[in-house]
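Each remark here refers to the structure printed beneath this line.
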Amino acid sequence: FSWKLSALNNGTKMQSLRAPVSIRPCKLTRPVFAPVRAPACVVRQRRVDVHAVKQWPDPEFIKETLAQFPDKGIATVEEARCLFSNGGYVWLDVRSELENEEVGKVKGSVNVPFVHLKRVYDPEKRERIMKKTPNPDFVKMVEKRFPNKDAKLMVGCSNGKAYSIDALEALDEAGYTNLTFVRGGYNAWFRVFDNKLNRRNYGEYQERYDGHDQLSMGDSAGIHASGAGFDKVDKADRWSLPVY
Numbered sequence: 079f080s081w082k083l084s085a086l087n088n089g090t091k092m093q094s095l096r097a098p099v100s101i102r103p104c105k106l107t108r109p110v111f112a113p114v115r116a117p118a119c120v121v122r123q124r125r126v127d128v129h130a131v132k133q134w135p136d137p138e139f140i141k142e143t144l145a146q147f148p149d150k151g152i153a154t155v156e157e158a159r160c161l162f163s164n165g166g167y168v169w170l171d172v173r174s175e176l177e178n179e180e181v182g183k184v185k186g187s188v189n190v191p192f193v194h195l196k197r198v199y200d201p202e203k204r205e206r207i208m209k210k211t212p213n214p215d216f217v218k219m220v221e222k223r224f225p226n227k228d229a230k231l232m233v234g235c236s237n238g239k240a241y242s243i244d245a246l247e248a249l250d251e252a253g254y255t256n257l258t259f260v261r262g263g264y265n266a267w268f269r270v271f272d273n274k275l276n277r278r279n280y281g282e283y284q285e286r287y288d289g290h291d292q293l294s295m296g297d298s299a300g301i302h303a304s305g306a307g308f309d310k311v312d313k314a315d316r317w318s319l320p321v322y
């Protein structure tokens with residue numbers, strides 16, 4: 079084959095070893111080449127691995143969670159439930175007394191407000207507004223309730239962004255050693271568990287958004303995304319928690 083290529087490249091006329099054959103023109107009755115059909119679309123299937131969601135009260139999940147804390151430091155709602163119900167942790171609610179009264183609280187939690195909220199009348203706006211003032215005795219109140227600095231405390235505010243970080247920093251400076259941040263705070267907990275610590279029912283079509291954003295836990299659309307099973311929706315999915 080190589081020598082034929084060399085000949086073609088050098089412009090050499092190649093001779094045929096076959097005897098000359100007379101060629102008669104012929105009329106084609108049909109195309110020499112059959113029409114090529116367009117290839118059918120190839121559907122590529124993507125493999126999706128389905129894993130069981132680990133959550134409380136799965137014994138293996140509880141065991142893994144307890145082994146990770148307090149070193150892990152930040153707990154999802156499911157991890158927080160393990161720590162709260164099986165790990166001897168206390169939910170330290172740093173929301174205001176007003177929010178605890180009007181919104182609700184985790185059963186068995188301890189409320190030490192990081193700020194004080196009060197509704198006062200604003201003559202300029204001619205309406206009642208929310209007045210927020212820091213609680214200068216926050217650390218002292220925690221120390222009075224938990225004199226042992228090794229106490230296991232889960233710190234949560236309303237959404238994990240309002241007061242939790244400041245409260246954790248203050249308690250860390252005060253010498254507390256077993257501190258855990260509850261991602262999403264009470265609002266995230268409320269979406270999963272009711273005030274009697276029962277898991278909420280979102281129906282057959284529940285969707286999970288286990289937040290891995292930095293501080294808060296992503297919202298759960300529940301069955302709203304599918305639009306089915308509304309008769310099974312828990313009341314928590316019918317209204318939004320007020321913002322303070």
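Numbers 79 to 322, taken from my numbering, label the letters of the sequence shown in order.
Glycine included, every Cβ here is placed at the ideal spot set by N, Cα and C.
Only a predicted model underlies this, so the values are computations on that prediction, with no experimental measurement involved.
| query | result |
| --- | --- |
| Please determine, among PRO214, LEU195, VAL270, LYS218, the residue with the shortest C-alpha to C-alpha distance to ILE207. | LEU195 |
| Can you tell me where the beta strand (DSSP E) with ASP31 in it begins and where it stops? | Outside the modelled stretch of the chain, which goes from 79 to 322, sits residue 31, for which no answer is possible. |
| Given LYS209, which residues of its chain have a CB within under 8 Å of its CB, disregarding the five upstream and five downstream residues? | LEU195, LYS196, ARG197, VAL198 |
| Using the Cα positions of SER242 and ARG277, report the straight-line distance between them to the nearest angstrom. | 24 Å |
| Are the CB atoms of VAL260 and MET232 nearer to each other than 8 Å? | yes |
| For ARG204, which residues of its own chain have a beta-carbon under 8 Å away from its beta-carbon, when the five flanking residues on both sides are left out? | none |
| Spatial neighbours of ASP250 within its chain, please: CB distance less than 8 Å, with the 5 preceding and 5 following residues excluded, ordered by chain position. | LEU257 |
| Using only CA atoms, which one of PHE192, GLY151, TYR254 lies nearest to PRO225? | TYR254 |
| Could you check where the alpha helix (DSSP H) with TYR264 kicks off and where it finishes? | 263-270 |
| Just mark GLU156 as buried or exposed, buried being the case when its beta carbon has 16 or more other beta carbons within 10 Å. | buried |
| How would you call THR211, buried or exposed, if buried means at least 16 neighbouring beta carbons within 10 angstroms? | exposed |
| Please look up how many angstroms separate the CB atoms of VAL181 and ASP171, rounded, as I've assumed it's under 8 Å. | Actually they are not in contact, since the Cβ atoms of VAL181 and ASP171 sit about 11 Å apart, beyond 8 Å. |
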